[in-house]
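In the numbering used here, the protein residues as written are 1 to 586.
Take a look at the structure:
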């Protein structure tokens with residue numbers, strides 16, 4: 001009976017993860033509540049995954065990486081990469097992917113993709129090439145680079161945590177680096193040759209150009225006796241018609257408008273809307289419609305700037321409408337348009353829900369854009385006239401602390417978790433990042449997912465569900481030999497990474513794979529390595545966070561990822577199946 005309950009919960013979890021109707025952390029906690037309520041797990045077993053030192057290590061890496069990102073260390077690397085590689089011609093993709101892979105071997109691949117995104121878009125603009133020729137290779141390189149070290153991805157950390165918690169030998173920092181290095185070589189070689197020919201050559205969407213083509217930006221002068229005087233913008237005929245007042249120019253000072261802004265005589269309102277709506281507003285008494293304005297004349301000034309930002313997995317406004325997210329009140333920025341899948345959305349902008357990978361065209365004070373960019377809350381992908389003012393001191397310190405932790409942990413002078421906790425501690429102590437910012441930058445949902453799914457693995461082991469599934473796998477593939485069984489688990493892991501996160505898929509398959517290895521009397525670490533690496537090289541669809549980030553800016557279609565990613569995924573899985581048994585003999 002317990003096996004039926006656990007397997008039913010497993011199927012339910014996969015379905016819920018796929019539909020994305022509920023947050024992944026809520027699903028995970030719900031599973032643990034059911035398992036403890038049925039008496040399948042004790043409270044100690046249910047929450048044991050959250051007390052793992054690997055969870056602490058992952059949280060510490062988030063803090064240290066955030067400190068480096070805030071200090072602009074990776075942006076410095078990206079800019080140097082641009083300076084060095086812009087004249088390299090056909091070698092450009094190889095150089096870019098190599099740099100991204102090396103960086104991603106030691107940092108979260110989503111963070112690395114986000115950091116390189118803006119420099120690559122800027123590089124493509126300067127070189128006059130399509131961003132689609134660079135962005136997918138960057139995403140793929142960040143994913144492949146994560147296969148080189150035990151801290152390269154959260155999946156690696158999650159698998160290592162499960163091994164340690166369940167009495168298996170854990171992987172060391174560089175135990176499988178040679179395999180990851182070969183995987184990167186194969187992936188980079190494929191993308192620099194065959195992949196380049198398969199990548200689409202999509203024109204970059206210029207949201208400003210599309211807006212000025214489909215919408216009118218007009219200045220309205222409010223006269224002394226106008227009915228608009230003394231009213232809030234939200235109560236005026238202009239707002240009721242459906243026009244948006246973006247800016248108010250008063251006594252030569254340009255300010256951003258909001259729904260509660262009071263209109264005064266002599267104000268010049270910068271209004272955006274459709275032509276037919278603008279013709280209707282002409283009937284309002286006490287105003288003069290001035291000549292059509294150029295967007296750069298009023299939307300951009302010394303104090304006000306336009307920026308393009310990209311919606312990141314860590315942004316808490318994902319899934320909320322612009323209005324519900326209170327974007328203007330929170331960030332002091334107005335969302336003018338959203339680019340999604342090559343289309344520019346601007347009508348009823350307040351009702352549009354933000355999705356991961358959306359590009360948002362925002363307008364606001366230069367200092368607001370600068371502040372939120374430096375805090376890491378907004379990822380800006382458009383170049384600006386101002387210098388971000390990053391701290392070289394903090395860049396050097398945070399980078400040094402990270403390398404110091406890497407050396408201490410790799411040489412096993414102190415445990416890895418303690419080494420990276422020390423790095424995070426030093427980053428806070430030396431004010432590279434504020435304590436409250438450190439807590440904000442930790443991806444708590446991911447930690448809950450890893451901790452909870454590790455405990456779910458305990459339930460599969462304890463109830464015999466893992467044994468049951470292992471027997472099924474052996475019955476179907478066992479007579480072909482252990483390599484065939486390894487291949488079956490690799491394919492299963494890749495399939496599950498489509499509806500689930502990579503870490504969750506690995507933790508679902510891992511208990512079954514380990515039990516199968518034990519029953520077949522072969523090396524369980526070989527099976528663990530294959531499951532872990534297979535979860536990290538699933539590049540067939542754009543649902544991995546790194547791929548979602550480049551999906552919008554590159555104007556890709558799902559078929560583009562299938563066309564390019566399927567080939568490289570097959571090659572990488574074959575390499576894993578050949579190399580893993582060589583490194584960890586069966």
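C-beta atoms are modelled at their ideal positions from N, C-alpha and C, and glycine is treated no differently.
- Closest in C-alpha terms to residue 164, from the list 16, 52 and 513, comes 52.
- Close CB contacts of residue 146 within its chain, under the 6 Å cut and outside five residues either way in sequence, are with 104, 109, 152, 153 and 536 (chain order).
- For residue 413, the three-state secondary structure derived from DSSP is coil.
- Excluding residues up to 5 positions away in sequence, 519 lie with their Cβ nearer than 8 Å to the Cβ of residue 471 in the same chain.
- Restricted to the segment 157-233, the beta strand (DSSP E) segments that are unbroken, complete and at least 3 residues in length are 216-222, listed in chain order.
- Annotation: residue 139 to residue 540 spans about 12 Å, alpha carbon to alpha carbon.
- Taking 9 Å as the cut-off, the beta carbon of residue 572 is found no closer than this to the beta carbon of residue 503.
- Three or more pairs of CB atoms, one per stretch, sit closer than 8 Å, so the segment 453-471 contacts the segment 504-523.
- The alpha-carbon of residue 522 is positioned some 8 Å away from that of residue 482.
- In this structure, residue 40 lies away from residue 580, with their beta-carbon atoms at least 9 Å apart.
- Taking a cut-off of 8 Å on C-beta distances, the segment 308-325 does not touch the segment 245-261, as fewer than three cross pairs fall below it.
- In the DSSP assignment, residue 305 is bridged to 364.
- With fewer than 16 other CB atoms across the displayed protein chains lying within 10 angstroms of its CB, residue 43 is exposed.
- The segment 543-554 makes no contact with the segment 360-370, as fewer than three CB pairs between them are under 8 Å.
- By the C-beta criterion, the segment 388-408 is judged not to be in contact with the segment 23-39, since fewer than 3 inter-stretch pairs fall below 8 Å.
- Exclusion of the five residues before and after residue 410 leaves 173 as the residues of its chain whose Cβ lies within less than 6 Å of its Cβ.
- With contacts defined by Cβ atoms closer than 9 Å, residue 460 and residue 511 form a contacting pair.
- Residue 24 and residue 15 have their C-alpha atoms spaced approximately 11 Å apart.
- By the Cβ neighbour-count rule, residue 225 is exposed, with fewer than 16 other Cβ atoms within 10 Å of its own.
- Counting C-beta pairs closer than 8 Å gives fewer than three between the segment 187-197 and the segment 111-128, which falls short of the contact rule.
- Counting along the chain, residue 336 sits inside the beta strand (DSSP E) bounded by residues 334-340.
- Bridge pairing for residue 379: 310 [DSSP].
- In this structure, residue 577 sits away from residue 513, with a CB-CB distance that is not shorter than 9 Å.
- Secondary structure note for residue 445: its alpha helix (DSSP H) is the uninterrupted segment 444-463.
- For a cut-off of 8 Å, the C-beta gap from residue 28 to residue 457 is around 12 Å, too long to register as a contact.
- In the structure shown, the three-state DSSP call for residue 133 is helix.
- For residue 253, the uninterrupted beta strand (DSSP E) segment begins and ends at 253-256.
- Here the alpha carbons of residue 272 and residue 565 stand approximately 41 Å from one another.
- The three-state reading of DSSP puts residue 287 in strand, counting E and B together.
- 9 Å or more divides the Cβ of residue 223 from the Cβ of residue 257.
- For residue 329, the three-state secondary structure derived from DSSP is helix.
- Exclusion of the five residues before and after residue 231 leaves 262 and 263 as the residues of its chain whose Cβ lies within less than 8 Å of its Cβ.
- Straight-line spacing of the CA atoms in residue 189 and residue 141 works out to 11 Å.
- The secondary-structure analysis by DSSP pairs residue 138 with nothing; it has no beta-bridge partner.
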